[in-house]
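Below: one structure, written as structure tokens.
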Amino acid sequence: MISGPSIAAAFAQAGVSHVVWIPDSTLGTWEPALEQSRDLKLLRVAREGEAWALAAGLWIGGQQPLVVMQNTGLFESGDALRNVLFDLRLPLYALIGYRSYLLANSPDTARAFTEPVLQAWGLEYLLATTDDDVPALVDHYHACRQAARPGIGLIAEGRG
Amino acid sequence: MSHDMHRKARARMPFVPALAGLAACRDQEIVVTTMGAAREWPKLSSHPLDFHYLPSTMGQAPLVALGLALAQPGREVICLNGDGCMLMNLGALVTIRAAAAVNLTLVVMDNGLYEVTGGQQTVAAVAQTDFAGFARAAGWPSVLEFDTLDDWQVAAPKLTEAPGPRFVVLHVEPIGPAYQLPSLGPMSERIAKFRQALGVA
């Protein structure tokens, strides 16, 4: 499991200014670390589609937002994602909770559809399962930012 | 009384003069437009801080405006939204209030119709929904509502003096049968120019 302090420290160091999120039970454990960060501003939204649009306004206004939500939220927010990443062509980065990834033979359809949906969107993604993977996530973030393209970090979860 | 008669019974101001009332007193505010406002505002203004959110995701213009307001706390941001758009994302009222963006003004141009699809009534028009009441319930510090052009023209120049974020409902007439969204050029180029105007490019 990836810890909040590890994520908060790494992405603050990477230059992220705002975290725009809706938590699930795994990502939610990050809340204290995100709130206590001196460098990150935590912004809560009411529904996942809002996260992409809010992050878009922040990026256009000169900030470096990070979007955080569960894979179910990724599905819910498809039209906002489409608009922001493909109409507006903004190079936003998101961490997506990969519900049930760690549960062998899980029948969870959220697990089954996550990677096919990302592939259908043509979005580049990297899977992270433990804190040891956080440096690679940050490298991926930097690579996407340098190439001015969107990217996704998949956060392995149990039940999410 | 039919639902349509309910919609028409309310006093409404003409759409374009309502926007013109704001354009006449606009200074260095960022103005975010969508739907009907994105069609008419470019005829009234060619300011480098105009951001026409088109193509859009319906309902998300207030969130784009919120992001701009948080990113640029030294600037006022005015979002010109539609009632159908507002209805599609009422949660934005809560999100914006929680973010405490004191430099944001959200204006809802309420004509009770989906003009972009031919003028069908919104479900809010059928239910006679009180958008201002939603904003009050969400805790917005300033909630204003106008149905006559005279009242709106008096209030518009002092709009950003009220504590923010501010929620404004303008009860307007439909634009009309010639409704058509404009072609404003490639979005990526417009974003680059807008960021240049903000000094963040």
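From first to last, the protein sequence lines are chains A and B. Counting in the working numbering, the first sequence runs from 1 upward without gaps. Counting in the working numbering, the second sequence runs from 1001 upward without gaps. Cβ coordinates follow ideal geometry from the N, Cα and C atoms, glycine included. Predicted, not measured: the structure shown is a model, and the values here were computed from it.
### Message
Would methionine 1 of chain A pass as an interface residue toward chain B - the criterion being a Cβ-Cβ separation below 7 Å?
### Response
no
### Query
Are the C-beta of alanine 1098 of chain B and some C-beta of chain A separated by less than 7 Å?
yes
### Message
Please list, in chain order, the chain A residues whose beta carbon lies closer than 8 Å to that of isoleucine 1175 of chain B.
### Response
Within chain A, no residue comes near isoleucine 1175 of chain B; the closest Cβ sits about 23 Å away, beyond 8 Å.
### Task
Check the Cβ-Cβ distances between alanine 148 of chain A and every residue of chain B, and say whether any is below 7 Å.
no
### Top-ranked residue by Cα proximity to aspartate 1110 of chain B, from B:Gly1139, B:Phe1131, B:Leu1093
B:Phe1131
### Message
Can you pull out the residues from the region 48–68 of chain A whose beta carbon lies closer than 9 Å to at least one beta carbon of chain B?
### Response
Gly49, Glu50, Ala51, Trp52, Ala53, Leu54, Ala55, Ala56, Gly57, Leu58, Trp59, Ile60, Gly61, Gly62, Gln63, Pro65
### Task
Can you have a look at glutamine 1060 of chain B and say buried or exposed, based on whether 16 or more other CB atoms are within 10 angstroms of its CB?
buried
### Query
So what does DSSP say about asparagine 83 of chain A, is it helix, strand or coil?
helix
### Message
I want to see whether chain B comes within less than 7 Å of arginine 166 of chain A, judged by CB atoms only; does it?
### Response
Examination of residue 166 of chain A is not possible in this model, given that chain A is present from 1 through 160 alone.
### Task
Give me the Cβ distance between aspartate 1147 of chain B and arginine 1012 of chain B, rounded to the nearest whole Å; I'm assuming they're in contact under 8 Å.
6 Å
### Message
On the CB-based measure, 16 or more other CB atoms within 10 Å of its CB, does cysteine 144 of chain A come out buried or exposed?
### Response
buried
### Query
Just how far apart, CA to CA, sit glycine 1139 of chain B and proline 107 of chain A?
42 Å
### Task
Thinking alanine 1137 of chain B and leucine 1144 of chain B are a contact (beta carbons under 8 Å), I'd like their distance in whole angstroms, please.
In fact, because the Cβ distance is near 16 Å, the residues do not count as touching under 8 Å.
### Message
Along the region 85–107 of chain A, where does the CB come closer than 9 Å to a CB of chain B? Name the residues.
### Response
Asp87, Leu88, Arg89, Leu90
### Task
For serine 1188 of chain B, I'd like the list of residues in its chain whose CB is within less than 7 Å of its CB, leaving aside the five on either flank, ordered along the chain.
none
### Task
Could you check the C-alpha separation between alanine 1020 of chain B and proline 1186 of chain B for me, to the nearest Å?
26 Å
### Query
Which partner residues does proline 1062 of chain B have in the DSSP bridge list?
Answer is none; proline 1062 of chain B lacks a bridge partner.
### Message
Any beta carbon of chain B sitting closer than 7 Å to that of tyrosine 79 of chain A?
### Response
The displayed chain sequence assigns aspartate, not tyrosine, to residue 79 of chain A. Interface residue, yes.
### Query
So alanine 1038 of chain B is in the alpha helix (DSSP H); what residue range does that whole segment cover?
1035–1044
### Query
Which residues bound the beta strand (DSSP E) around cysteine 1079 of chain B?
1077–1082
### Task
For valine 1094 of chain B, I'd like the list of residues in its chain whose CB is within less than 8 Å of its CB, leaving aside the five on either flank, ordered along the chain.
Ala1138
#### Entry: Rounded straight-line distance, which links the Cα of valine 138 of chain A to that of glutamate 1040 of chain B
44 Å
### Task
Kindly list, in the order they appear in chain B, the residues whose Cβ is closer than 9 Å to that of asparagine 71 of chain A.
Result: empty, since nearest Cβ-Cβ is about 19 Å, beyond 9 Å.
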